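Asks:
Residue numbers (the numbering used here): 715 to 775.
1. Going by Cα to Cα distance, which pick from 721, 742, 758 and 718 is closest to residue 729?
2. Classify residue 726 as helix, strand or coil using the three-state DSSP reduction.
3. Output the distance between the C-alpha atoms of residue 750 and residue 735, rounded to the nearest integer angstrom.
4. The ligand MG heavy atoms versus the CB of residue 718: any closer than 8 Å?
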């Protein structure tokens, strides 16, 4: 599990890769296990959930 500077660097790298792939700067990256419950609720309610490492692991088992 990443913490502090490593987590921030990883988030920047992911945002950079996503903006490049999707050809847009309109990216909001949220690490849901680090976010407030209220933000997680809003993400799930709006159905804006794009990727989940846990979902990927569950699908492969």
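We put the CB at the ideal spot given by N, CA and C, even for glycine.
The structure presented is a predicted model; accordingly, all values stated were derived computationally and were not measured.
Replies: Once the coordinates are examined:
1. 742
2. helix
3. 28 Å
4. This structure lacks the ligand MG; in fact it carries no ligand of any kind.
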